[in-house]
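Anchor point for the sequence shown: position 106 equals 162 in the numbering used here, and the numbering is continuous, going up by one each time.
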Amino acid sequence: MSARKNAIEFWKEFEKVEHSIRDLLNRENYEECMKLVEPLDSYAYESFGCHFFVDNAYGDYELTWDTGPNKTTQYLAAMVCQMAPKAIKKSWILNACLPPLSQKAIQAQVQIKDQIYTLTDFMLFYTADETQQSWHCEVYCPGFSLITNTENKKEMSMYLLELALGQCAYEAYIGSVDFLDAPKMDESFCNLVDAYEKLMDHVETKGWKTYQSPLEIYSVFQPVQDFAHDALRKDMKFIFTTHPLLIEETLEEKTDVLKDLEVKQGEFDYIYYNNLFNTREDALFRQELSKQFDQAFQKSECARVIGGAIGKSYSYIDCIVFDVHRFQSILGQIKKQLDSKVKLHVQKF
Numbered sequence: 057m058s059a060r061k062n063a064i065e066f067w068k069e070f071e072k073v074e075h076s077i078r079d080l081l082n083r084e085n086y087e088e089c090m091k092l093v094e095p096l097d098s099y100a101y102e103s104f105g106c107h108f109f110v111d112n113a114y115g116d117y118e119l120t121w122d123t124g125p126n127k128t129t130q131y132l133a134a135m136v137c138q139m140a141p142k143a144i145k146k147s148w149i150l151n152a153c154l155p156p157l158s159q160k161a162i163q164a165q166v167q168i169k170d171q172i173y174t175l176t177d178f179m180l181f182y183t184a185d186e187t188q189q190s191w192h193c194e195v196y197c198p199g200f201s202l203i204t205n206t207e208n209k210k211e212m213s214m215y216l217l218e219l220a221l222g223q224c225a226y227e228a229y230i231g232s233v234d235f236l237d238a239p240k241m242d243e244s245f246c247n248l249v250d251a252y253e254k255l256m257d258h259v260e261t262k263g264w265k266t267y268q269s270p271l272e273i274y275s276v277f278q279p280v281q282d283f284a285h286d287a288l289r290k291d292m293k294f295i296f297t298t299h300p301l302l303i304e305e306t307l308e309e310k311t312d313v314l315k316d317l318e319v320k321q322g323e324f325d326y327i328y329y330n331n332l333f334n335t336r337e338d339a340l341f342r343q344e345l346s347k348q349f350d351q352a353f354q355k356s357e358c359a360r361v362i363g364g365a366i367g368k369s370y371s372y373i374d375c376i377v378f379d380v381h382r383f384q385s386i387l388g389q390i391k392k393q394l395d396s397k398v399k400l401h402v403q404k405f
């Protein structure tokens with residue numbers, strides 16, 4: 057099996073009950089609907105590392121993957137959405153991560169002492185950092201003053217803000233989150249249910265970079281090491297990645313992220329080759345190669361490019377692989393096409 061085949065199996069089973077799920081949603085029979093969803097959800101959590109939920113709150117059928125910030129899980133969920141049958145894509149809105157103000161956000165409740173609070177009871181105070189293109193946020197709730205555990209209040213604030221903004225905007229634009237026991241008088245604020253609209257108005261007005269997915273958000277690393285080193289992955293001068301934890305762990309020779317994907321029947325590989333120019337042309341050439349690989353891999357549903365690096369001796373293209381055999385086949389075809397220009401090699405992380 058492979059992560060890709062697990063996705064095929066998921067949709068095969070989903071299609072068997074899809075009509076019944078829609079019917080139950082239409083009749084607002086959520087208890088019976090959950091009975092159909094639960095076995096699929098258990099399979100999804102085991103195979104892809106996240107739960108999903110279905111709803112039709114806004115008149116459309118939606119299936120949403122609740123990935124959280126785990127990048128491996130986000131890539132797996134995006135792959136599953138990509139592989140959905142045409143009939144499912146036609147009938148359902150598929151969210152590869154939490155959108156802003158999802159049904160989960162609308163239904164969210166927090167009990168503090170004897171009082172129940174919903175998203176409408178929370179206020180967001182914020183200051184903008186134009187240099188970093190981010191907001192520094194503080195969440196206020198009238199009930200916070202009754203809670204003595206500060207860590208609980210901070211975690212609650214982060215969780216509710218993430219629900220309000222959705223996964224992508226939260227990761228892209230939120231620089232810090234804290235709580236308030238009392239409202240501030242000298243700071244911009246809005247109701248938490250209005251936070252996404254207010255944030256995106258600011259993004260548009262100030263011309264900040266926009267993202268359609270949290271998988272478009274890149275981090276840059278400059279390793280502190282001896283650049284005289286010529287060994288693989290030891291010569292890297294600049295690393296750019298959508299999966300920072302993978303890079304942090306592999307630089308420290310840890311394997312938790314690698315093992316997590318292996319359990320889900322995928323793997324992380326990197327393609328490498330000797331630098332051809334020893335100038336800035338190496339970066340441009342690597343960028344073009346990366347685009348070519350990503351297009352071919354996504355078309356065959358076998359992998360995605362997640363970043364790469366420029367080293368003293370080598371250039372690297374990092375990949376998350378959903379189907380090793382298909383990946384090797386596609387890579388072999390591209391290697392033949394480029395053989396006269398560059399000698400490509402592949403290595404498992």
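For glycine and all other residues, C-beta sits at the position ideal for the given N, C-alpha and C.
Taking 8 Å as the cut-off, decide whether the C-beta atoms of residue i and residue j are in contact.
i, j, result
"ASP325", "ASN331", "no"
"VAL319", "LEU301", "no"
"HIS299", "ILE373", "no"
"CYS106", "THR120", "no"
"ILE327", "ALA352", "no"
"VAL259", "TYR229", "yes"
"SER103", "PHE66", "yes"
"PHE383", "ALA365", "no"
"ASP170", "ILE149", "no"
"ALA164", "LEU216", "yes"
"THR297", "TYR274", "yes"
"LYS265", "GLN189", "yes"
"ILE376", "GLN348", "no"
"MET256", "VAL233", "no"
Mind checking who residue i pairs with in its DSSP beta bridge?
i, result
"ALA365", "ILE295, TYR372"
"HIS401", "TYR328"
"TRP191", "ALA184, ILE230"
"LEU236", "TYR196"
"ALA225", "For ALA225, which the question treats as bridged, DSSP gives no partner whatsoever."
"MET179", "TYR196, ASN247"
"ALA359", "VAL377"
"GLU323", "VAL377"
Within its chain, find whatever has a CB closer than 7 Å to the CB of residue i; leave out the 5 residues flanking it on each side and keep chain order.
i, result
"ASN247", "THR176, MET179"
"CYS197", "TYR173, ASP177, PHE178"
"VAL380", "SER58, GLU323"
"LYS262", "GLU186"
"ALA63", "MET135, VAL136, MET139"
"GLN223", "THR123, CYS153, LEU154, PRO270"
"LEU132", "ALA59, PHE104, GLY105, LYS320"
"ALA184", "TRP191, HIS258"
"ILE303", "PHE277, ILE295, THR297"
"LYS240", "PHE181"
Can you tell me the Cβ-Cβ gap for residue i and residue j, rounded? I've got them flagged as a contact below 8 Å.
i, j, result
"PRO156", "ALA220", "7 Å"
"LEU80", "GLU69", "In fact, because the Cβ distance is near 16 Å, the residues do not count as touching under 8 Å."
"SER244", "TYR329", "The pair is not a contact, with the Cβ atoms about 50 Å apart (cut-off 8 Å)."
"ASP291", "GLY231", "Between GLY231 and ASP291 the Cβ distance is about 32 Å, and since that is not below 8 Å, they are no contact."
"GLN138", "GLU272", "At roughly 15 Å, the Cβ-Cβ gap does not stay under 8 Å, so GLN138 and GLU272 are not in contact."
"ALA152", "ALA140", "That belief does not hold up - the Cβ atoms of ALA152 and ALA140 are roughly 10 Å apart, past 8 Å."
"LEU288", "GLN403", "7 Å"
"VAL276", "MET212", "The pair is not a contact, with the Cβ atoms about 32 Å apart (cut-off 8 Å)."
"GLU94", "ILE144", "Not a contact, Cβ separation roughly 19 Å."
"ALA113", "ILE77", "In fact, because the Cβ distance is near 14 Å, the residues do not count as touching under 8 Å."
"SER371", "ASP286", "Actually they do not touch by this definition, with Cβ atoms about 13 Å apart."
"LYS160", "PHE109", "7 Å"
Excluding sequence positions up to five away, which residues of its chain have a Cβ less than 8 Å from the Cβ of residue i?
i, result
"PHE200", "ILE168, LYS209, PHE235, LEU236, ASP237"
"PHE333", "PHE341"
"PRO279", "MET292, LYS293, ILE295, LEU307"
"HIS401", "ILE327, TYR328, TYR329"
"TYR226", "LEU217, GLU218"
"TYR101", "HIS107"
"GLN354", "GLN138, ARG360"
"TYR252", "PRO156, LEU157, ALA220, LEU221, GLY222, ALA225"
Among residues of its own chain, excluding the 5 on either side of residue i, which ones have a beta-carbon nearer than 6 Å to its beta-carbon?
i, result
"LEU202", "ILE168, LYS169"
"LYS61", "none"
Closest Cβ-Cβ distance between residue i and chain D: below 8 Å?
i, result
"THR174", "In summary, chain D is missing from the structure at hand, where a single protein chain is found."
Which runs of the beta strand (DSSP E), 3 residues or longer, sit entirely within the stretch 98 to 172?
Counting whole runs of 3 or more residues, the stretch 98 to 172 contains the beta strand (DSSP E) stretches 107 to 111, 117 to 122, 148 to 151, 166 to 168.
Counting only runs of 4+ residues fully inside the stretch 262 to 288, write out the alpha helix (DSSP H) ranges in chain order.
Within the stretch 262 to 288, complete alpha helix (DSSP H) segments of at least 4 residues are not found at all.
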